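Trainee: Right, I'll just put the structure down here and ask away after.
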Ligand SMILES: [Zn+2]
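In the numbering used here, the protein residues as written are 4 to 143.
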């Protein structure tokens with residue numbers, strides 16, 4: 004077997020073709036090739052005996068998964084809140100009823116809403132899907 008020297012062919016990993024290919028040695032470093040030129044794409048680059056795998060590949064693989072979990076719903080949309088609220092007990096709204104902050108009420112016209120605050124002595128602000136309304140309560 005002939006000794007590797009400048010100009011001889013070696014198998015090396017091509018950074019452009021991304022595979023092991025025949026390369027011509029451009030520069031030597033001791034007994035090893037230092038720079039090579041790809042016979043396929045003619046690209047000149049540092050000599051790599053093998054594909055630089057494992058570490059970089061696995062890092063890439065689990066990065067998107069991590070990003071997905073961290074960006075997962077920081078804030079619920081109103082639709083999601085409504086879906087959850089439908090499963091919870093809610094009161095039917097009437098002017099004679101008494102409601103407190105956090106109560107879910109069902110209004111005949113406006114639908115489901117969440118009581119934002121109680122305004123003494125007889126009003127509540129309620130967030131509905133489209134807007135927040137002030138409603139009367141505690142009427143006898
Ligand atoms: Zn190449």
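The beta-carbon is built from N, C-alpha and C at its ideal position, and this holds for glycine as well. A quick note: this is a predicted structure, and the numbers were derived from the prediction, not measured.
Any residue with its C-beta under 7 angstroms from a non-hydrogen atom of ligand 1 counts. Can you list them all in chain order?
Mentor: Chain-ordered list of matching residues: 17, 19, 20, 24, 41, 43, 44 and 46.
Trainee: Rounded to a whole number of angstroms, what is the C-alpha to C-alpha distance between residue 131 and residue 98?
Mentor: Looking at the two C-alpha atoms, the distance is approximately 17 angstroms.
Trainee: Could you tell me whether the segment 77-93 touches the segment 38-54, using the rule of 3 or more Cβ pairs below 8 angstroms?
Mentor: Contact fails: fewer than three Cβ-Cβ distances are below 8 angstroms.
Trainee: Count the other C-beta atoms from every protein chain shown that fall within 10 angstroms of the C-beta of residue 124, then say buried if there are 16 or more, exposed otherwise.
Mentor: Answer is exposed; the Cβ neighbour count stays below 16.
Trainee: Give the straight-line distance between the Cα atoms of residue 107 and residue 55, rounded to the nearest whole angstrom.
Mentor: The alpha-carbon atoms of residue 107 and residue 55 are separated by roughly 59 angstroms.
Trainee: Would you mind working out which of 143, 52 and 32 sits nearest residue 100, comparing C-alpha positions?
Mentor: For the residues 143, 52 and 32, the minimum Cα distance to residue 100 belongs to 143.
Trainee: Give the single residue among 78, 79 and 109 whose Cα lies nearest to the Cα of residue 91.
Mentor: Checked all of 78, 79 and 109; the closest Cα to residue 91 is 109.
Trainee: Just verifying my parser: in three-state terms, what is the DSSP assignment at residue 46?
Mentor: Looking at residue 46 - three-state DSSP - the assignment turns out to be coil, as it is neither helix nor strand.
Trainee: Anyone know if the C-beta pair for residue 39 and residue 9 falls short of 8 angstroms?
Mentor: Result no, Cβ atoms of residue 39 and residue 9 do not sit closer than 8 angstroms.
Trainee: Do you know whose CA, among 7, 42, 52 and 25, lies nearest residue 31's CA?
Mentor: Per the Cα distances, 7.
Trainee: From this set, 44, 129 and 36, which residue's C-alpha is nearest residue 120's C-alpha?
Mentor: Checked all of 44, 129 and 36; the closest Cα to residue 120 is 129.
Trainee: Go to residue 142, then tell me how far its alpha helix (DSSP H) extends in each direction, as first and last residue.
Mentor: From DSSP, residue 142 is part of no alpha helix (DSSP H); its letter is neither H nor E.
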